[in-house]
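So in our numbering, the last one in the sequence shown is 687, and the numbering has no gaps at all.
Ideal Cβ placement from N, Cα and C applies to all residues, glycine included.
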Amino acid sequence: MRSNRKYDSEFKREAIKLVIDEGRTIREVESSLGITHGVLKGWVQKHRDQQDPVKVKHASVEAELKHLRKENERLLREREILKKAVAIFSTDPNRYSGS
Numbered sequence: 589m590r591s592n593r594k595y596d597s598e599f600k601r602e603a604i605k606l607v608i609d610e611g612r613t614i615r616e617v618e619s620s621l622g623i624t625h626g627v628l629k630g631w632v633q634k635h636r637d638q639q640d641p642v643k644v645k646h647a648s649v650e651a652e653l654k655h656l657r658k659e660n661e662r663l664l665r666e667r668e669i670l671k672k673a674v675a676i677f678s679t680d681p682n683r684y685s686g687s
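Right, dumping it as structure tokens:
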């Protein structure tokens with residue numbers, strides 16, 4: 589028998605909290621709350637995946653990498669401009685000095 593019962597996010601959070609924070613078994617919580625067998629296991633796994641510090645760190649590393657690549661592009665453009673300026677000023681040093 590399969591139930592199509594919908595659970596709101598607050599109910600899910602509280603059920604997950606009973607397993608993670610209070611150390612109760614998934615079956616025990618499912619039984620006491622009247623949750624269909626196996627449903628809570630998915631909620632707990634999804635919660636753990638979202639809380640995984642490796643995934644969180646990976647996201648921040650990706651953001652930093654994107655920022656650094658953008659900055660690197662800007663610095664490369666600036667360097668090219670400076671190289672051109674040096675070449676211009678090197679050809680005739682008195683041309684722009686006003687003397």
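For Val617, the CB contacts under 8 Å within the same chain, skipping 5 residues up- and downstream, are Ala603, Leu606, Val607, Ile623, Leu628 in chain order. When secondary structure is reduced to three states using DSSP, His625 falls in the coil class, being assigned neither helix nor strand. The Cβ neighbour count for Ile614, taken over all protein chains shown within 10 Å, is at least 16; the residue is labelled buried.
The beta carbon of Arg665 sits closer than 6 Å to no other beta carbon from its chain once the five residues preceding and following it are set aside. Here DSSP, grouped into helix, strand and coil, assigns Arg612 to coil. One thing to note: Trp631 has its Cβ no nearer than 9 Å to the Cβ of Lys594.
In its chain, beyond the 5 residues on either side, no residue has a beta carbon closer than 6 Å to the beta carbon of Gln633.
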